[in-house]
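Visitor: Sequence order for the protein chains is G and A.
In terms of the numbering used here, the first sequence has 77 at position 77, counting the first letter as 1, and numbering is strictly consecutive.
Quick note: to get the numbering used here, add 450 to the position in the second sequence (first position is 1).
For glycine and all other residues, C-beta sits at the position ideal for the given N, C-alpha and C.
The following block contains the structure, expressed as structure tokens.
There are 2 protein chains.
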Amino acid sequence: MLPTEVLATYVVDSEFDALPIDVVIEAKRALLNYLGCALGGSIESALSIAITTLAPFSGKPTACVLGRSERFDALHAALLNGIGSHVHEYDDTTPKNYVHPSVPVASALFAYASANLVSGKDFVHAFILGFEVESRIADSVYPAHYEAGWHITSTAGVFGAAAAIGRLLKLDKRQMVWAFGLAATQSAGIREMFGSMAKSFQPGRAAQNGYTAALLAQADFTAGEKALEGPRGFAEVTTGVFDASKITSGLGTDFSLRVNAYKPYACGLVVHPTIDGCSRLHTQYQPDPATITAVRLRVTPLVLDLCNQRELKRALQSKYSIYHAAAIGLVRGKGGLQEFTQAAVDDPALTRIRALTTAIPDSSITADQVHIEVDLVSGKTLTLFVEQSLGNLLNPLSDVQIEDKFRDQAVLALPPAVVEQLIQICWSIDTMVDVGTLCRVTAPHEAGIN
Amino acid sequence: MLPTEVLATYVVDSEFDALPIDVVIEAKRALLNYLGCALGGSIESALSIAITTLAPFSGKPTACVLGRSERFDALHAALLNGIGSHVHEYDDTTPKNYVHPSVPVASALFAYASANLVSGKDFVHAFILGFEVESRIADSVYPAHYEAGWHITSTAGVFGAAAAIGRLLKLDKRQMVWAFGLAATQSAGIREMFGSMAKSFQPGRAAQNGYTAALLAQADFTAGEKALEGPRGFAEVTTGVFDASKITSGLGTDFSLRVNAYKPYACGLVVHPTIDGCSRLHTQYQPDPATITAVRLRVTPLVLDLCNQRELKRALQSKYSIYHAAAIGLVRGKGGLQEFTQAAVDDPALTRIRALTTAIPDSSITADQVHIEVDLVSGKTLTLFVEQSLGNLLNPLSDVQIEDKFRDQAVLALPPAVVEQLIQICWSIDTMVDVGTLCRVTAPHEAGIN
Chain G
1 MLPTEVLATY VVDSEFDALP IDVVIEAKRA LLNYLGCALG GSIESALSIA ITTLAPFSGK
61 PTACVLGRSE RFDALHAALL NGIGSHVHEY DDTTPKNYVH PSVPVASALF AYASANLVSG
121 KDFVHAFILG FEVESRIADS VYPAHYEAGW HITSTAGVFG AAAAIGRLLK LDKRQMVWAF
181 GLAATQSAGI REMFGSMAKS FQPGRAAQNG YTAALLAQAD FTAGEKALEG PRGFAEVTTG
241 VFDASKITSG LGTDFSLRVN AYKPYACGLV VHPTIDGCSR LHTQYQPDPA TITAVRLRVT
301 PLVLDLCNQR ELKRALQSKY SIYHAAAIGL VRGKGGLQEF TQAAVDDPAL TRIRALTTAI
361 PDSSITADQV HIEVDLVSGK TLTLFVEQSL GNLLNPLSDV QIEDKFRDQA VLALPPAVVE
421 QLIQICWSID TMVDVGTLCR VTAPHEAGIN
Chain A
451 MLPTEVLATY VVDSEFDALP IDVVIEAKRA LLNYLGCALG GSIESALSIA ITTLAPFSGK
511 PTACVLGRSE RFDALHAALL NGIGSHVHEY DDTTPKNYVH PSVPVASALF AYASANLVSG
571 KDFVHAFILG FEVESRIADS VYPAHYEAGW HITSTAGVFG AAAAIGRLLK LDKRQMVWAF
631 GLAATQSAGI REMFGSMAKS FQPGRAAQNG YTAALLAQAD FTAGEKALEG PRGFAEVTTG
691 VFDASKITSG LGTDFSLRVN AYKPYACGLV VHPTIDGCSR LHTQYQPDPA TITAVRLRVT
751 PLVLDLCNQR ELKRALQSKY SIYHAAAIGL VRGKGGLQEF TQAAVDDPAL TRIRALTTAI
811 PDSSITADQV HIEVDLVSGK TLTLFVEQSL GNLLNPLSDV QIEDKFRDQA VLALPPAVVE
871 QLIQICWSID TMVDVGTLCR VTAPHEAGIN
């Protein structure tokens with residue numbers, strides 16, 4: 001069988017009881033982390049603009065947008081969930097391929113589950129399958145695909161959403177192959193949009209498009225059968241490189257959820273070591289920011305490729321600035337949502353530190369690391385080498401840290417009691433009779449399970 | 451100014467009265483040809499499946515799908531117009547870049563005009579601008595982009611739809627730049643899907659996505675400002691090659707509508723010379739198909755890259771078969787819609803000729819040409835060299851031939867009197883007060899202007 005068919009067969013035939021228990025547990029950590037991001041992003045202007053603009057085009061309001069009281073059709077809800085959950089750049093990442101894997105899959109699934117009866121077991125199963133499909137497709141073209149400038153979260157994510165929704169729709173193998181073809185047809189998203197609202201639109205559209213692909217395939221809307229490996233298929237056209245073994249090897253035994261990481265900071269992953277290290281210096285030495293005269297960073301080269309923005313016109317751009325990362329760590333000792341607002345961008349103390357920070361690429365530094373030197377007016381220099389940044393696979397967030405991260409974001413949208421209730425629901429999502437209940441609890445005007 | 455901004459400025463500032471009259475006339479030929487294709491495709495199963503599947507997700511039914519009585523929101527109507535008008539592969543082509551330019555732009559525009567009051571003058575103006583934008587963007591990356599396997603009609607078409615709708619929405623320059631960014635974000639479609647329903651879905655989605663891009667930009671949903679030329683922008687990411695002069699040179703004086711061609715045959719353009727030549731042999735010699743023992747073709751190499759399908763499982767695949775092209779020309783002397791149905795695929799006479807036809811690539815043969823040899827059981831060989839295939843730029847369809855092509859398709863959906871009425875309306879579309887009137891006339895149950 002060709003890789004596309006192998007993957008389709010796996011998704012169609014997979015059985016929940018054959019899933020390793022640690023993978024199910026990690027899925028619940030990912031879903032709690034995802035849901036926190038969706039609630040934290042639910043009040044952002046990118047989402048509000050999209051809601052206002054697209055409301056006249058929504059079908060019957062059968063589905064929830066997480067953290068919002070408005071109702072939409074399920075396809076629009078998938079898009080809007082994706083915008084809200086990705087807008088803060090706070091969602092999860094598999095460092096092996098730089099995919100933010102949960103957003104495209106979970107955004108579609110929560111939209112679906114809010115409009116259709118889905119058990120927690122089926123929901124978690126579909127999530128694991130969608131996560132695995134997008135991860136394997138990303139692996140098969142990484143790193144060339146990402147380096148070419150594709151936003152791999154959306155280009156691979158559309159397949160994950162198609163797989164997850166296709167599984168819930170009970171597609172047969174032939175239809176699942178078509179769903180992957182229709183996903184490939186819609187696979188899009190470029191890194192040029194980073195630092196604008198269009199960035200979070202991309203994984204949202206991937207969720208909506210994958211969902212649409214599954215619906216059309218269910219109705220026997222045909223597509224080419226070699227979506228991944230065909231001579232004009234996804235891999236060849238977008239990348240020119242394809243490692244089919246990454247699709248097929250260890251399928252059913254190796255799971256990408258085991259190498260998923262949760263961000264402690266609300267911004268691009270590659271600046272995390274800098275925030276981590278600068279925050280440690282802040283905590284240890286408590287330097288008065290006014291006494292800092294220079295900050296010198298040695299960073300992995302990708303940092304300057306992605307995050308070399310010093311002039312910040314929009315708040316979103318601050319998430320892609322290595323200079324801002326150093327500033328918030330040294331001045332505030334943290335990198336939560338409040339460190340990437342317009343107020344933070346305009347903060348004179350942060351502006352001053354950004355201006356006196358320099359970063360040079362060093363290929364001996366890994367993506368988990370940074371070397372920091374901070375000169376003080378006293379003539380003293382603070383030095384730190386970060387070996388393993390907080391939140392990466394060797395230094396992961398604990399369940400309690402994920403809960404705390406959830407609280408920090410969710411309280412922006414919901415009363416504390418509902419926030420605590422949602423944490424408890426999430427940890428037992430796999431036992432729910434109807435996941436739609438959870439979705440409805442996230443609506444601000446509905447304070448309890450209804 | 452960078453190319454993206456140059457193009458946005460042009461679209462925002464263009465004045466109808468500065469358009470050359472021949473370009474306006476050619477726009478009307480293109481629109482009549484487009485509308486015929488939309489009506490001919492309006493009863494196809496690809497469209498019917500999409501309508502049935504997506505109806506539950508449609509917003510308020512304010513917009514028409516051409517040739518159908520159902521109503522949808524305008525974004526869905528754009529998608530569905532695109533599927534219907536492209537499904538027969540009978541729409542127009544600019545041979546310089548293999549784009550089918552009218553479908554993405556006109557599908558969005560007719561959807562918009564059926565739900566919003568638009569004058570014929572504004573409509574034609576927006577069509578010309580959208581056509582020009584997608585053509586120039588395609589030119590800037592052609593041929594590498596197409597050769598890589600992109601379905602250039604949809605990847606470039608999304609920009610055309612964004613420009614056309616953006617113009618009608620009166621976007622300012624900054625918003626138009628964002629609309630192009632949001633179009634780039636959604637630019638997708640691969641040639642692996644050729645020969646399946648997913649093919650016509652691609653330009654339909656481009657129409658819908660471009661329309662969406664314009665709506666979001668109007669609401670100040672931000673995007674990156676270097677959609678085309680940025681280091682991670684459309685050209686670099688999809689192609690790695692970008693000729694910026696194709697975007698900017700002759701803007702406002704050179705128009706791609708002047709090099710638009712209308713297909714006389716309902717299939718991929720590259721097999722047209724073969725249908726044309728074989729039809730001429732059919733007319734001239736009237737050979738009994740049973741007496742044909744071998745058909746040898748020498749074709750431009752791209753033909754075998756695109757149309758080397760001999761085993762035809764689906765009717766749509768017949769549009770990509772050089773062997774089927776030879777068969778319908780020799781046996782039936784034409785290549786209308788009826789030559790690409792399942793009945794045609796299963797026709798024993800056509801099946802027999804397909805099996806005994808061979809084609810070899812010859813780089814001395816252009817895309818307008820073919821060399822044909824037909825062996826007869828008598829020992830005689832019929833030979834023909836086609837220098838300029840019917841319908842190409844040096845041998846274009848006349849207005850009367852475009853009208854005849856319109857009639858052949860439109861009668862599948864509408865009574866003859868309405869068909870004639872639509873032809874008259876189309877030729878004076880630039881004087882209409884409300885183009886929505888035209889859209890509503892195409893609905894089967896509405897027999898006159900309402």
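1. Which residue from A:T459, A:E455, A:R479 puts its Cα closest to that of R708 of chain A?
2. Quick one: what's A901 of chain A bridged to in DSSP?
3. Select from G:P348, G:R68, G:A163, G:L356 the residue whose C-alpha is nearest the C-alpha of Y323 of chain G.
4. Within 8 Å, do at least three Cβ pairs link the stretch 678 to 696 of chain A to the stretch 198 to 207 of chain G?
5. Within the continuous alpha helix (DSSP H) that includes T283 of chain G, where are the two ends?
6. Secondary structure at C457 of chain G, three-state DSSP: helix, strand or coil?
7. Looking at chain A, is there any beta carbon in it that lies within less than 7 Å of the beta carbon of E147 of chain G?
8. Based on the DSSP output, what are the partners of W600 of chain A in its beta bridges?
9. Can you check whether the C-beta of A793 of chain A is within less than 7 Å of a C-beta belonging to chain G?
10. Give the C-beta separation of D572 of chain A and N483 of chain A to the nearest angstrom, bearing in mind that I take them to be a contact with Cβ-Cβ under 8 Å.
11. Please report the straight-line C-alpha distance between L109 of chain G and Q388 of chain G, rounded to a whole angstrom.
12. Is the beta carbon of A188 of chain G sitting closer than 7 Å to the one on A606 of chain A?
13. What are the boundary residues of the alpha helix (DSSP H) that includes D796 of chain A?
14. Quick one: what's got a C-beta closer than 6 Å to C37 of chain G's C-beta in the same chain, skipping five residues either side?
15. Going by the DSSP bridge assignment, what does D704 of chain A pair with across the sheet?
16. Who are the Cβ neighbours of V24 of chain G in its own chain at under 8 Å, not counting the five residues just before and after it?
17. Who are S569 of chain A's beta bridge partners in DSSP?
18. Taking only beta-carbon atoms, is L215 of chain G less than 7 Å away from chain A?
19. On the three-state DSSP scale, how would you describe F201 of chain G?
20. Any C-beta of chain G sitting closer than 7 Å to the C-beta of S508 of chain A?
21. Would S646 of chain A count as contacting chain G if we go by Cβ distances under 7 Å?
22. Is the beta carbon of S107 of chain G closer than 7 Å to that of P444 of chain G?
23. Tell me which residue opens and which closes the beta strand (DSSP E) that D375 of chain G is part of.
24. Look at the alpha carbon of A528 of chain A and the alpha carbon of Q819 of chain A, and state the distance between them as a whole number of angstroms.
25. DSSP on T383 of chain G, reduced to helix/strand/coil?
26. Under a Cβ-count criterion, where at least 16 other Cβ atoms within 10 Å of its own Cβ denotes burial, should L567 of chain A be classed as buried or exposed?
27. Taking beta-carbon pairs under 7 Å, can you tell me which members of the stretch 622 to 643 of chain A lie near chain G?
28. Can you list, in chain order, the residues of the stretch 77 to 98 of chain G whose Cβ is nearer than 9 Å to any Cβ on chain A?
29. By the 10 Å Cβ neighbour count, where 16 or more other Cβ atoms means buried, how is E5 of chain G classified, buried or exposed?
30. Evaluate P554 of chain A with the Cβ neighbour count: other Cβ atoms within 10 Å of its Cβ, from every protein chain shown; 16 or more gives buried, anything less gives exposed.
31. Does any residue of chain G have a CB that is nearer than 7 Å to the CB of G674 of chain A?
32. Where does the unbroken alpha helix (DSSP H) through I21 of chain G begin, and where does it stop?
33. Measuring CB atoms only, is the stretch 171 to 182 of chain G touching the stretch 7 to 16 of chain G, in the sense that at least three cross pairs come out at less than 8 Å?
34. Closest to G631 of chain A by C-alpha separation, out of A:G674, A:P470, A:R760, would be which residue?
35. Quick check on R310 of chain G: does DSSP put it in helix, strand or coil?
36. Residues in its own chain within less than 7 Å of V885 of chain A by CB, not counting five upstream and five downstream?
Guide: This is what the structure holds:
1. A:R479
2. Residue 901 of chain A is absent from the model: chain A starts at 451 and stops at 900.
3. G:L356
4. Taking a cut-off of 8 Å on C-beta distances, the stretch 198 to 207 of chain G does not touch the stretch 678 to 696 of chain A, as fewer than three cross pairs fall below it.
5. 272 to 285
6. Nothing can be reported for residue 457 of chain G, as the shown portion of chain G is limited to 1 through 450.
7. no
8. A:I640
9. no
10. Not a contact, Cβ separation roughly 21 Å.
11. The alpha-carbon atoms of L109 of chain G and Q388 of chain G are separated by roughly 33 Å.
12. no
13. Where D796 of chain A is concerned, the enclosing alpha helix (DSSP H) starts and stops at 792 to 796.
14. Around C37 of chain G: S85, Y90, D91.
15. A:L701.
16. V124, I128, D430
17. DSSP lists no partner for S569 of chain A.
18. It does; some Cβ of chain A falls within 7 Å.
19. helix
20. yes
21. yes
22. With respect to S107 of chain G, P444 of chain G sits apart: the two C-beta atoms are not nearer than 7 Å.
23. 370 to 376
24. 35 Å
25. Looking at T383 of chain G - three-state DSSP - the assignment turns out to be strand.
26. exposed
27. G631, L632, A634, T635, Q636, S637, A638, G639, I640, R641, E642, M643
28. none
29. buried
30. Residue environment for P554 of chain A: buried (at least 16 other C-beta atoms within 10 angstroms of its C-beta).
31. yes
32. Segment 21 to 40, the alpha helix (DSSP H) holding I21 of chain G.
33. Result yes; three or more Cβ-Cβ pairs closer than 8 Å.
34. A:G674
35. coil
36. Cβ neighbours of V885 of chain A beyond the five flanking positions: A563, V568, G570, F573, I879.
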